[in-house]
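Visitor:
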Amino acid sequence: MAPLKFSANISWLFSELPDFSQRMSAAAAAGFQAVEAAWLYDADLTELQRAREAAGVEVVLINTPPGDVKAGDLGLAAVPGREGDFRQGLDQTLKYAKGLNCKMIHLMAGRVPVDSHRHLVAKEMEAVFVQNLKYAADILSKEGITGLIEPINTRITDPRYFLDSPHQAAAILESVGKPNIKLQMDVFHWQIMDGNLTQNMHKYFPLIGESI
516 MAPLKFSANI SWLFSELPDF SQRMSAAAAA GFQAVEAAWL YDADLTELQR AREAAGVEVV
576 LINTPPGDVK AGDLGLAAVP GREGDFRQGL DQTLKYAKGL NCKMIHLMAG RVPVDSHRHL
636 VAKEMEAVFV QNLKYAADIL SKEGITGLIE PINTRITDPR YFLDSPHQAA AILESVGKPN
696 IKLQMDVFHW QIMDGNLTQN MHKYFPLIGE SI
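The sequence shown runs 516 to 727 under this note's numbering.
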């Protein structure tokens, strides 16, 4: 794992400012040398490039598009039947990542489809996820970019999110078998789902590419 450093998530911080360009400047003024964001895709890439250069901050992480949020999407990488949409979103993410010299992309797994039972679709979703991650790994490796997967807890935050524990993520990473696909650790989600933070951090430290 790369040396640890702080970054400001400007999707949530400095939200009193209307656009990401202003938030980059605010982050720099607050002392941050790096920023990350969930989805920047409503912002003009050229303007973001100018803002990043003017602020002197590094963009360290962006997410793949969520899909159709109004329809309940929150990522597409593990959603059966949405492989084409995932690849299209990955192309868009890669364009922004290259333009902003961002070297990490969160490949969002997505939610268990409405009216589906998790245990009935888990194997199919895992197979789709592994297939899409292998595809992404090959694309991203050409640009020197690392793809990340992040477990999100299903007890409080999102009951339908497919990837919800570091144990599940580790098994999927083993199936993918690509060195540039790694684990994004969020201690909030890990603690809620399993606890044992010290033990799990020690166990999965070699897989971690980014931590929150």
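Here a beta-carbon is modelled for each residue, glycine too, at the ideal position from N, C-alpha and C.
Relative to the alpha-carbon of T661, which residue among M640, T608, M708 and V629 has its alpha-carbon at the smallest distance?
Guide: Here residue 661 refers to the residue found at position 146 when the sequence shown is read from its first residue. Ranking M640, T608, M708 and V629 by Cα distance to T661 puts T608 first.
Visitor: Just confirm the distance between the C-beta atoms of L589 and P581, as a whole number of angstroms; I'd bet it's less than 8 angstroms.
Guide: By one-based count along the sequence shown, residue 589 stands at place 74. By one-based count along the sequence shown, residue 581 stands at place 66. L589 to P581, Cβ: 5 angstroms. Contact.
Visitor: Let's test the definition: count the other Cβ atoms within 10 Å of the Cβ of L635 and tell me whether it reaches 16, buried, or not, exposed.
Guide: Taking the sequence shown and counting its residues from 1, the one referred to as residue 635 is at position 120. L635 comes out exposed.
Visitor: Going straight from the alpha carbon of W705 to that of R602, what length do you get?
Guide: As a first step, residue 705 must be located in the sequence shown, where it is residue number 190. As a first step, residue 602 must be located in the sequence shown, where it is residue number 87. The straight-line gap from Cα to Cα measures roughly 28 angstroms.
Visitor: Please classify F521: is it buried, with 16 or more other beta-carbons within 10 angstroms of its beta-carbon, or exposed?
Guide: For this step, residue 521 is matched to residue 6 along the sequence shown. When all chains shown are included, F521 counts as exposed.
Visitor: Taking the C-alpha atoms as reference points, what is the distance between N576 and Y676?
Guide: Looking up residue 576 in the sequence shown gives position 61. Looking up residue 676 in the sequence shown gives position 161. Per the sequence presented here, residue 576 reads as Leu, with Asn not at that position. L576 and Y676: Cα-Cα distance of roughly 20 angstroms.
Visitor: Roughly how many whole angstroms lie between the Cα atoms of C617 and A523?
Guide: As a first step, residue 617 must be located in the sequence shown, where it is residue number 102. As a first step, residue 523 must be located in the sequence shown, where it is residue number 8. About 14 angstroms.
Visitor: So, A552 versus S530, is the Cβ gap smaller than 8 angstroms?
Guide: Working through the sequence shown from its first residue, we reach residue 552 at position 37. Working through the sequence shown from its first residue, we reach residue 530 at position 15. No; because the gap between Cβ atoms is not below 8 angstroms, this pair is not in contact.
Visitor: Got a sec? Which residues, its chain only, sit under 7 angstroms from L532 by beta carbon, not counting five neighbours each side?
Guide: Mapped onto the sequence shown, residue 532 falls at position 17. The residues are R538 and A541.
Visitor: Please identify the residue among A586, L591, L555 and A544 whose C-alpha is closest to the C-alpha of A569.
Guide: On the sequence shown, position 54 is the one that residue 569 refers to. Selected option, being the one with the closest Cα: A544.
Visitor: Mind checking which residues open and close the beta strand (DSSP E) that includes K697?
Guide: Here residue 697 is taken as the residue at index 182 of the sequence shown, counted from 1. Start and end: I696 to M700.
Visitor: Kindly indicate which residue of L622, H632 and N695 has the alpha-carbon position closest to the one of I664.
Guide: Numbered from 1 along the sequence shown, position 149 holds the residue referred to as residue 664. Ranking the options by Cα distance to I664, first place goes to L622.
Visitor: Straight-line CA distance for R633 to T669?
Guide: Against the sequence shown, residue 633 aligns to sequence position 118. Against the sequence shown, residue 669 aligns to sequence position 154. Each residue's alpha carbon lies about 11 angstroms from the other.
Visitor: Use the C-beta contact count for K697: other C-beta atoms within 10 angstroms, 16 or more gives buried, fewer gives exposed.
Guide: The residue given as residue 697 occupies position 182 in the sequence shown. Buried: at least 16 other Cβ atoms inside 10 Å.
Visitor: In chain order, which continuous runs of the alpha helix (DSSP H) of length 4 or greater are located wholly inside the segment 624-678?
Guide: Listed in chain order, the complete alpha helix (DSSP H) runs (minimum 4 residues) inside the segment 624-678 are 633-656.
Visitor: Work out the CA separation of D673 and L688 for me, nearest whole Å.
Guide: Position 173 of the sequence shown, counted from the first residue, corresponds to residue 688. Position 158 of the sequence shown, counted from the first residue, corresponds to residue 673. Cα to Cα, the separation comes out at about 22 angstroms.
Visitor: Within this structure, are the beta carbons of V572 and F547 separated by less than 8 angstroms?
Guide: One-based indexing of the sequence shown puts residue 572 at position 57. One-based indexing of the sequence shown puts residue 547 at position 32. Result yes, Cβ atoms of V572 and F547 sit closer than 8 angstroms.
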